[in-house]
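One point on numbering: in UniProt numbering, the residue at position 79 of the sequence shown is 79, and numbering is uninterrupted.
A short write-up of the structure that comes next.
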Amino acid sequence: MRQTAGTGDGAAPDSDSGNSGSGDHSGASGGRRGGRWSRGRVPAGLSVVVALLLALHRFVPNTPGRVGSLLETFLPWLGLAVPLLLVLAAVRRSYTALAASLAPAVVWLVLFGGLLPPGGPGEGGHDLTALQHNVSDVNPDPQGTAARLLDAGADIIALEELSPAVLPAFRSTLAADYPHHAAQGTVGLWSKFPLSGVRKVDIKPEAVGEGWDRGLRATAHTPRGEIAVYVAHLPSIRLGVGGLKSEWRDESSVLLGEAIAAEPLDRVILLGDLNSTLDDRGLRPVTTRMSTPDTDFAFSWPAKLPVARIDQILTRSARVTSLWTLPATDSDHLPVAARIRF
Numbered sequence: 001m002r003q004t005a006g007t008g009d010g011a012a013p014d015s016d017s018g019n020s021g022s023g024d025h026s027g028a029s030g031g032r033r034g035g036r037w038s039r040g041r042v043p044a045g046l047s048v049v050v051a052l053l054l055a056l057h058r059f060v061p062n063t064p065g066r067v068g069s070l071l072e073t074f075l076p077w078l079g080l081a082v083p084l085l086l087v088l089a090a091v092r093r094s095y096t097a098l099a100a101s102l103a104p105a106v107v108w109l110v111l112f113g114g115l116l117p118p119g120g121p122g123e124g125g126h127d128l129t130a131l132q133h134n135v136s137d138v139n140p141d142p143q144g145t146a147a148r149l150l151d152a153g154a155d156i157i158a159l160e161e162l163s164p165a166v167l168p169a170f171r172s173t174l175a176a177d178y179p180h181h182a183a184q185g186t187v188g189l190w191s192k193f194p195l196s197g198v199r200k201v202d203i204k205p206e207a208v209g210e211g212w213d214r215g216l217r218a219t220a221h222t223p224r225g226e227i228a229v230y231v232a233h234l235p236s237i238r239l240g241v242g243g244l245k246s247e248w249r250d251e252s253s254v255l256l257g258e259a260i261a262a263e264p265l266d267r268v269i270l271l272g273d274l275n276s277t278l279d280d281r282g283l284r285p286v287t288t289r290m291s292t293p294d295t296d297f298a299f300s301w302p303a304k305l306p307v308a309r310i311d312q313i314l315t316r317s318a319r320v321t322s323l324w325t326l327p328a329t330d331s332d333h334l335p336v337a338a339r340i341r342f
């Protein structure tokens with residue numbers, strides 16, 4: 001009995017040891033497999049936040065500091081978070097983080113994928129080519145800038161920051177190709193087509209002093225009929241410690257939107273430095289009344305390293321078929337051109 005007991009005592013530990021070893025191995029393997037999904041929760045959470053900011057940016061409050069407008073100004077650049085999130089997922093070896101990083105990538109492609117790859121003048125049919133440029137009131141070579149704009153072969157050209165010092169140079173250089181011209185304050189319009197009904201468009205914020213004149217409207221008599229052409233330069237925005245200061249821009253946007261809403265002609269082209277991207281809610285009084293191009297990012301500012309398109313060409317009862325930037329001039333903005341079909 002002792003021997004049997006001894007044998008039993010000896011066998012039992014061997015059996016337990018084997019079972020225990022097998023269980024430990026299985027548990028470790030399962031732990032490794034489960035760990036790939038359980039870790040990386042922080043980058044996964046960041047992916048969800050980025051996706052929500054992209055998809056629901058309209059719901060980000062504009063106070064304090066107009067953070068909503070600030071986000072929308074640089075909204076496309078949120079896409080740069082996707083490769084960073086993918087790197088974090090790889091570093092953490094996390095399936096969860098990898099899967100979550102697909103969410104902002106998909107949302108970004110839905111919002112902006114149609115703007116890729118960068119376009120150009122295009123060969124599609126069009127009825128008119130328009131050009132928009134803030135020439136800078138401290139432009140050291142206005143004649144050279146005007147000469148470079150001629151190369152675009154546009155039918156109408158809208159210019160802003162036309163100070164009294166530079167306006168004569170643009171008039172003389174553009175006169176031969178654009179015999180029809182109108183100016184109001186610091187904005188101007190040059191056209192190959194006859195112009196009539198030229199008048200001031202009052203977009204001055206209430207708190208701004210007299211002499212601030214940045215809007216005009218004219219009727220262009222084209223082979224396709226009469227078109228109302230608006231040229232506008234909305235107030236600048238400023239980014240400071242308290243956030244984005246865009247109150248004047250927003251107020252001016254409302255006034256411009258009201259002027260367009262009251263326009264009796266069906267076909268309208270708006271050209272200008274609107275100091276706003278099309279995603280920015282501050283421009284909504286205008287964009288809700290106009291068609292916005294969806295053909296290219298065409299970032300226009302600042303000229304040396306463009307990060308946003310604040311120079312816009314918008315239409316009503318017409319479509320922009322292609323949109324692109326031109327080579328730099330001596331301004332801090334790039335010229336923007338568009339082909340338009342009615």
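Glycine included, every Cβ here is placed at the ideal spot set by N, Cα and C.
Please read these numbers as outputs of a predicted model, since none were measured by experiment.
Checklist line | Beta-carbon contacts of Ala44 that lie in its chain and below 6 Å, excluding the five residues immediately before and after | finding: Thr96, Ala97, Ala100
Notebook entry, point to check: Of the choices Gln312, Thr325, Arg281, Ala220, whose alpha-carbon is the least far from that of Arg66?
Noted result: Arg281
Next item on the list: Report the residue from Leu116, Leu278, Pro104 whose alpha carbon sits nearest the alpha carbon of Val49.
Entry: Pro104
Check: Per DSSP, Gly188 forms a beta bridge with which residues?
Finding: Leu159, Ala183
Check: Just to check, is the beta-carbon of Ile203 closer than 6 Å to a non-hydrogen atom of the ligand COA?
Finding: The ligand content of the structure shown is nil, which means the ligand COA is not present either.
Margin query: Give me the residue from Arg341, Thr329, His126 with the minimum Cα distance to Arg148.
Written below: Thr329
Check: Is DSSP giving Val82 helix, strand or coil here?
Finding: helix
Checklist line | Nonlocal neighbours in the same chain, by C-beta distance under 6 Å from Asp127, ignoring five residues either side | finding: Arg224, Arg341, Phe342
Notebook entry, point to check: When you compare each of Asp273, Thr288, Ile269 to Gly257 by their alpha carbons, which one comes out closest?
Noted result: Thr288
Notebook entry, point to check: In chain order, what residues of the same chain lie with their CB nearer than 6 Å to the CB of residue 343, ignoring the 5 residues before and after it?
Noted result: Because the chain in this structure spans residues 1 to 342, residue 343 falls outside the shown range and cannot be described.
Checklist line | Within 7 Å, strictly: CB atoms of Leu159 and Val135 | finding: yes
Next item on the list: Would you tell me roughly how many angstroms separate the C-alpha atoms of Ser300 and Leu323, rounded to the nearest one?
Entry: 11 Å
Notebook entry, point to check: So does the segment 309 to 320 actually touch the segment 108 to 120, counting three or more Cβ pairs closer than 8 Å?
Noted result: no
Margin query: Please return the same chain residues whose Cβ sits closer than 8 Å to the Cβ of Leu53, not counting the five positions on each side in sequence.
Written below: Val60, Leu71, Leu78
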